[in-house]
Amino acid sequence: MKKAKKEYSNGVVTVVYEPDLCIHSGVCFKGLPDVFQPGTRPWVKAKGASTDEIIMQIQKCPSRALSFYMNSGDENEEKGPIKAIETGQKVEVFKDGPMMMEGPITLIGSDGHREVLGNSCYFCRCGASKNKPFCDGSHKDIKFKE
Numbered sequence: 001m002k003k004a005k006k007e008y009s010n011g012v013v014t015v016v017y018e019p020d021l022c023i024h025s026g027v028c029f030k031g032l033p034d035v036f037q038p039g040t041r042p043w044v045k046a047k048g049a050s051t052d053e054i055i056m057q058i059q060k061c062p063s064r065a066l067s068f069y070m071n072s073g074d075e076n077e078e079k080g081p082i083k084a085i086e087t088g089q090k091v092e093v094f095k096d097g098p099m100m101m102e103g104p105i106t107l108i109g110s111d112g113h114r115e116v117l118g119n120s121c122y123f124c125r126c127g128a129s130k131n132k133p134f135c136d137g138s139h140k141d142i143k144f145k146e
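Residue numbers for the sequence shown follow full-length UniProt numbering, beginning at 1 and rising by one.
Spelled out as structure tokens, the structure:
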């Protein structure tokens with residue numbers, strides 16, 4: 001079954017929305033309310049902000065229900081959502097275990113405290129760690145499965 005996909009363009013960039021992926025976090029409309037307006041049709045007003053502002057907001061979508069591609073005018077160029085390229089930083093999810101991030105990264109805690117982490121760090125995915133957000137191996141004790 002083909003997933004639903006809607007596209008909205010300002011002539012320079014096309015916003016791609018896949019409603020089946022959306023978790024309704026509100027990040028899009030809270031960050032750029034002149035573009036993303038749930039409850040209206042069409043709900044994406046692609047001319048409501050600059051192309052750069054739209055791209056920056058789309059990149060904050062936690063579910064990746066929003067993506068974009070640049071309109072080139074070249075009919076032979078393949079169109080589709082922009083994909084990240086290898087940047088030297090890496091995120092790896094371990095089966096039945098933690099998520100590893102290779103830094104350097106800045107970790108911002110729920111209290112706003114900022115900490116720069118170099119090399120690699122392992123984040124808990126099972127919820128049982130006593131050292132959240134970091135993994136302490138508790139996933140093994142509770143037999144965490146994906």
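We put the CB at the ideal spot given by N, CA and C, even for glycine.
Exercise for review: Leaving out five residues on either side along the sequence, give the residues of the same chain with a beta carbon under 6 angstroms from the beta carbon of M99.
Suggested key: Answer for M99: V93, F123, R125, listed in chain order.
Exercise for review: Under 8 angstroms by Cβ, that's how I've got Y69 and V16 pegged, so tell me the actual separation to the nearest angstrom.
Suggested key: Yes, they are in contact, since the Cβ atoms of Y69 and V16 sit about 7 angstroms apart, within 8 angstroms.
**Study point:** Beta-carbon gap between residue 184 and A65 smaller than 8 angstroms
**Key:** The question about residue 184 has no answer here: the residues shown for the chain are numbered 1 through 146.
Review point. Just how far apart, CA to CA, sit residue 212 and V35?
Key: Residue 212 lies beyond the residue range present for the chain, which begins at 1 and ends at 146; the question has no answer from this structure.
Review point. K3 and E18 look like a contact to me (Cβ under 8 angstroms); what is the Cβ gap, rounded to whole Å?
Key: 6 angstroms
Point to revise | Enclosing beta strand (DSSP E) for C28 [first to last residue] | key: Secondary structure note for C28: it is in no beta strand (DSSP E), and the uninterrupted alpha helix (DSSP H) holding it is 27-31.
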